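Here is the structure we will look at, set down as structure tokens.
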Amino acid sequence: MVDLTPLLAFRWSPRSFDPTAELAADHASALIEAARWAPSAGNVQPWRFALGHRDDEMFKRILVNLPEPDQRWAQRASALLLGTHLTGAAGHLYDLGQAIAHLTVQATALGLHVRQLRGLDRAGLAADLDLPDGVRPHVVVAVGQLGDPLSLPADLLGSETGLRRRLPLAEIVLTSGNAKYVS
């Protein structure tokens, strides 16, 4: 592997969160601040966030709108963050992705882990959180400290403890004839 910054090389998206760890207020602020400074087309910043800490009302409202299989492990996260986008803003999903990526790198720098979830009840979240018109839920990010993988349900243990895998570069780099677009 090429020499990546450790913030990227060691980033990992676990399901095993420590159910006793709390997300410190300064860490929560740093995560949102990292997202705030993400690149944004035309500086529109079409993202909005809702952050719930374990056992508070926001956390519970986000959690119940996740699929049951994800609720089993997400309930152990220190926090759940809902990432939304403004409809009608150019590049809104791309920009939201940038914000979540920046938040993820900041979490890694703080010794935290995140796992992103796109399978969620978007209509349920919009209603349960009384989101303003034009604000659409898109992703939930579970945040916390790494927990014991053996505490997970048996059907999740293999994916949690197995080797991380990525497609080889040859499969993700587009080529035209013999010329590669990226070398």
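Heads up, the sequence shown is in the working numbering, so the first residue is 67 and it goes up one at a time.
Every residue, glycine too, gets a C-beta built ideally from N, C-alpha and C.
Computed from a predicted structure; not experimentally measured.
Worksheet item: Which residues bound the alpha helix (DSSP H) around Thr174?
Response: 158-175
Worksheet entry | CA nearest to the CA of Ala140, picked from His179, Gly228, Leu159, Ile98 | His179
Fill in: For Leu70 and Leu89, the rounded distance between their alpha carbons
27 Å
Item to complete: Give every residue of the same chain whose Cβ lies closer than 7 Å to the Cβ of Glu226, excluding the five residues on either side of it in the sequence, and list them in chain order.
Response: Pro80, Arg81, Ser82, Pro215, Leu218
Worksheet item: How many whole angstroms separate the CB atoms of Ala75 and Leu195, which I take to be in contact at a CB cut-off of 8 Å?
Response: Ala75 to Leu195, Cβ: 35 Å. No contact.
Item to complete: Identify every residue that forms a DSSP beta bridge with Arg114.
Response: Thr150
Practice prompt. Report, in whole angstroms, the separation of the C-beta atoms of Ala87 and Gly177, which I expect to be a contact under 8 Å.
Written response: Actually they are not in contact, since the Cβ atoms of Ala87 and Gly177 sit about 10 Å apart, beyond 8 Å.
Fill in: Neighbourhood of Thr153 by C-beta, 7 Å cutoff - its chain only, sequence neighbours within 5 removed
Gly200, Arg202
Practice prompt. Measure from the alpha carbon of Gly185 to the alpha carbon of each residue in Ala91, Arg142, Glu134, then state which is nearest.
Written response: Glu134
Worksheet entry | Spatial distance of Arg232 from Arg77 (CA atoms) | 13 Å
Worksheet item: When DSSP builds the beta bridges, which residues end up paired with Ala145?
Response: His119, Val209
Worksheet item: If we call anything under 7 Å between Cβ atoms a contact, is His204 one with Gly149?
Response: yes
Discussion item. Does Trp113 pass the burial test, meaning 16 or more other C-beta atoms within 10 Å, or should it be called exposed?
Written reply: buried
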